[in-house]
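Presented below is the structure to which this report refers.
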Amino acid sequence: MNRFLWKTWQKKTFRKYPAYKGGKESGYSRKLYLDLAEPIVRRATEWLTPSGSIIDPFEGAEPPTISARFIGAAGGLIGAGRCQDLITQTILVFDYAVEQLTTKNPDGHLLHGADFYIKEMAWAYHLLSDTGIIDPQVLERWRTKLQNYIPENVYTDIIRPGKDAVHNFNIYALTGEYWRYRTGLGPYEQTVRFVDEYIPRQFKHFTPWGMYRDPNNPITYDITVR
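Position one of the sequence shown corresponds to residue -3 (the numbering used here), numbered consecutively onward.
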């Protein structure tokens, strides 16, 4: 779907959902978000490799966090009763992402964007588990792997020698660790401990108006963090 067709499709979709006149609610339903997400997820499956990686056809490489983003969106759609024909592909990408997140690279470098992964994976795990259509052995395989990592050994936005502050990447990791605990994918002494340790470090980034100030003040990371 090229950019022109995508914009045209977006406009047609939004016209189906006139804004709420009361000024308090958008008037958009859950269905709108599912309608917007589904064609993106379906297109991404065309870029899927046999290993489970997703290669951007324009960049010719795997963009950071694309696996996690796919899992979160696909899990949400499958959990909503859509994309039942994409379950096999979603499992393949989930397996790949689990290995990427929990296996140390031979060169010792951390997975770029690892901080964003577990939020999407725990959310998808929660939804896919509830469907009852995923093989219990598959769920157990994911749970076993994801229960055994220590946050500080995986994430990039943490306090370490030469780095005395954390920013928006860490917020995603904190959200993920909360969901990891809620879904049984991580022990209390790792997940909640990490959240308790890093949440106070984030307070200084909020302005008196409640906005989050990331370096260079991008509005995106004020909105997503809040």
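C-beta: ideal position from N, C-alpha, C; glycine also.
Original post:
Using a Cβ-Cβ cut-off of 7 Å (strictly less than) and excluding sequence neighbours within five positions of A118, which residues of its own chain qualify?
Top reply: G172, W175, R176, T179, L181
*asked:* Suppose contacts are defined by Cβ-Cβ distances below 8 Å. Is I129 in contact with I83 by that definition?
replied: yes
| Assigned secondary structure, Y151 (DSSP; H/G/I helix, E/B strand, else coil) | In this structure, DSSP gives Y151 a state outside helix and strand, which the three-state scheme calls coil.
query = Name the DSSP beta bridge partners of Y208, please?
reply = F202
Assign D160 to one of three DSSP states: helix, strand, or coil.
Under the three-state reduction of DSSP output, D160 falls in the coil class, being neither helix nor strand.
- Minimum C-alpha distance to L107 - residue among F199, E116, E95: E95
Review point. If we count the other Cβ atoms within 10 Å of its Cβ and call it buried at 16 or more, is A64 buried or exposed?
Key: buried
Since S49 contacts Y92 with CB under 8 Å, what's their CB separation in whole angstroms?
6 Å
*Report the partner residues of A57 according to the DSSP bridge assignment.*
D52
Please report how far the alpha carbon of T86 lies from the alpha carbon of Y29, in whole angstroms. 19 Å
Problem - CB contact flag (I167, Q186, <8 Å) - result: no
Could you check where the alpha helix (DSSP H) with P132 kicks off and where it finishes? 132 to 142
Near M(-3), what residues of its chain come up, given a Cβ to Cβ distance below 6 Å and the 5 sequence neighbours on each side ignored?
Only weak support exists for where M(-3) lies, its pLDDT of 44 falling under 50; the value from the coordinates is given anyway. Cβ neighbours of M(-3) beyond the five flanking positions: none.
> Taking the DSSP output, what are the residues bridged to L106?
Replying inline: For L106, which the question treats as bridged, DSSP gives no partner whatsoever.
- Query: Are the Cβ atoms of I51 and E58 separated by less than 8 Å?
  - Reply: Yes, Cβ-Cβ distance for I51 and E58 is below 8 Å.
- Output yes or no for whether 8 Å exceeds the beta carbon distance between G77 and L124. Taking the C-beta atoms as reference points, L124 is found no nearer than 8 Å to G77.
In three-state DSSP terms, what is L181? Coil at L181, not helix or strand.
Exercise. Out of L170, Y184, V188, which has the shortest C-alpha to C-alpha gap to R222?
Worked result: L170
Practice problem: Take V188 and list the residues in its own chain whose beta-carbon comes closer than 7 Å to its own, dropping the five residues that flank it on each side. | Solution: Y177
- Message: If I measure Cβ to Cβ from H163 and keep anything under 6 Å in the same chain, skipping five residues before and after, which residues do I get?
- Response: Exclusion of the five residues before and after H163 leaves D210 as the residues of its chain whose Cβ lies within less than 6 Å of its Cβ.
Can you grab the Cα-Cα spacing for the pair P132 / Y113, in whole Å? Cα to Cα, the separation comes out at about 22 Å.
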